[in-house]
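Just so we're aligned, residue 11 is where the sequence shown starts under our numbering, counting upward by one. Note that CB positions come from ideal geometry on N, CA and C, so glycine has one too.
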Amino acid sequence: MRSWSVPDVPSLSDLGLGVGPAVMIFDTAANGTTPTDPEGSARLYVCGITPYDATHMGHAATYLTFDLLQRAWRDRGLDVHYTQNVTDVDDPLLERALVTGVEWSELAEREIQLFREDMTALRIIPPANYIGAVESINLVVDLIDRLDTAGAVYPVDDDLYFDVHADDAFGTVSGFDEEMMLRIFPERGGDPDRAGKKDPLDCLLWQAERPNEPSWETRLGRGRPGWHIECTAIALHHLGETFDVQGGGSDLVFPHHEMSASEARVATGEPFARAYVHAGMVGFEGEKMSKSKGNLVLVSKLRADGRDPMAIRLALLAHHYRSDWEWFGDEITAAEAQLARWRAAVARKMAPSGHAVLDSIRTALADDLDAPAALAAVDAWAADDTAGDPQAGRTVRTAIDALLGVAL
Ligand code: 5CA
Ligand code: ZN
């Protein structure tokens, strides 16, 4: 599937500004911070959209998190291999298509295109491999075969399920106990009560054709993939075994990332990812953002209202990626004022040395992507009218561009 355009990311080391420190990141599975500093190249998988709705600030915050990680890795001198999926066939998309009377594939194409435009406007580095579920059906079928060979697949009616007991390490991504898993599973697409399952937590791998739903002819029969196996298959194929970071919002910790990791372990005998990184949930004035509550704050709407995408980006960066936070409309006004201050500050003929700011931004990002600390360092520099280095404005502008992705 077509990705979106790559923003220009200046190389600070090419400009003689050195390289960044090793990045520390919070790994949900370890319940602590761990270095993510591979040799030479880093491999990243981030769970992409289910394209039934336009990009809201929560989605944008999640993709911005992994954009920062990539910038920090690149500044470290690493090549980044980045894969993201699109869940372009799944129940929520089909349900929305039915309600709105739009063909499911048209709805998906329309929302994917809007997502590309939003990501481009926000200067989010795109995945080199942007891969849809529909175009990955053969990969999914191959992986289900491998799981079957490992004895981890069984039928319920004409559908196929993954036996979570085939994996001794099931539960180690979320660290949830069984009671917690059973409570969350049905809220996030699971079907614990389906008759014929061996364990209520076993997850759907392959869904046989249903009337009036899309399906594909395969050696498993006509049907379509389950959700978790889609990401397992795409990540293993495009990144290989034991890649560096599996990312997404914290709503994906369980069951999605738990199941994907289990499926991969059973199929390959190796860990799925080295670290599982999760962005907090963004709400709106006290509630979870959702279409049904009518409280979605859409990136495209803010853009259409004439908001500067760089101010949207700054407003998102003001929150640490791991915190749950709520969007209040006045944040964009504050971010616009901050952007104007920064633009004026980098345009100064003389300014305090830029090297200390660059160091502060690097240190902040390497410390579990602490964007608020990076913003505070730039704010302090912008407010400081002492001293005089004629190069400082240029150095800080380039550092902000390369590391925070904000073009001034
Ligand atoms: N297609 C699946 C992942 S394979 C999916 O969760 N799609 S999604 O469209 O619902 O979400 C896309 C990404 O945005 C996911 O990483 C999800 O964790 C994240 N996300 C969804 N809602 C929020 C929110 N309110 N705040 C922060 N991130 C969110
Ligand atoms: Zn996923």
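TODO: Report the three-state DSSP secondary structure of Cys57 (helix, strand or coil).
DONE: coil
TODO: List the endpoints of the continuous beta strand (DSSP E) containing Gln401.
DONE: No beta strand (DSSP E) holds Gln401; DSSP gives it neither H nor E.
Task: Where the alpha helix (DSSP H) through Glu421 begins and ends - done: As displayed, the chain neither begins before 11 nor continues past 418, which places residue 421 out of reach and without an answer.
Task: Residues near the ligand ZN, criterion Cβ-heavy atom distance below 6 Å - done: Cys57, Asn95, Cys241, His266
Task: 8 Å CB neighbourhood of Ile371 in its chain, flanking five on each side removed - done: Ala384, Ala387, Val388, Ala409, Ile410, Leu413, Leu414
Open item on the list: By the DSSP assignment, the beta strand (DSSP E) with Glu223 in it spans what residues?
Closed with: No beta strand (DSSP E) contains Glu223, which DSSP labels as neither H nor E.
Open item on the list: Please tell me whether Leu368 and Thr405 are closer than 8 Å, where the distance is taken between their beta carbons.
Closed with: yes
Open item on the list: By the DSSP assignment, the beta strand (DSSP E) with Pro165 in it spans what residues?
Closed with: 163-166
Task: Environment of Gln94 [buried if 16+ CB atoms lie within 10 Å] - done: buried
Open item on the list: Tell me the DSSP secondary structure of Val255 in three-state form.
Closed with: strand
Open item on the list: I need the DSSP call for Lys303, collapsed to helix, strand or coil.
Closed with: helix
Task: Which residues DSSP lists as bridging Val33, in chain order - done: Thr46
Open item on the list: Among Tyr331, Ser260, Pro202, whose alpha-carbon lies nearest the alpha-carbon of Leu192?
Closed with: Pro202
Open item on the list: Taking 7 Å as the limit between beta carbons, can you name the residues of its chain near Leu249, skipping five residues before and five after?
Closed with: Arg53, Tyr55, His91, Thr93
- [ ] Would you mind stating whether Val151 and Thr242 have Cβ atoms separated by less than 8 Å?
- [x] no
- [ ] State yes or no: is the C-beta of His329 nearer than 7 Å to some heavy atom of the ligand 5CA?
- [x] no
Task: Proximity test, Cβ basis, 8 Å: His288 and chain D - done: Checking the listed chains, one finds no chain D in this structure; it contains a single protein chain.
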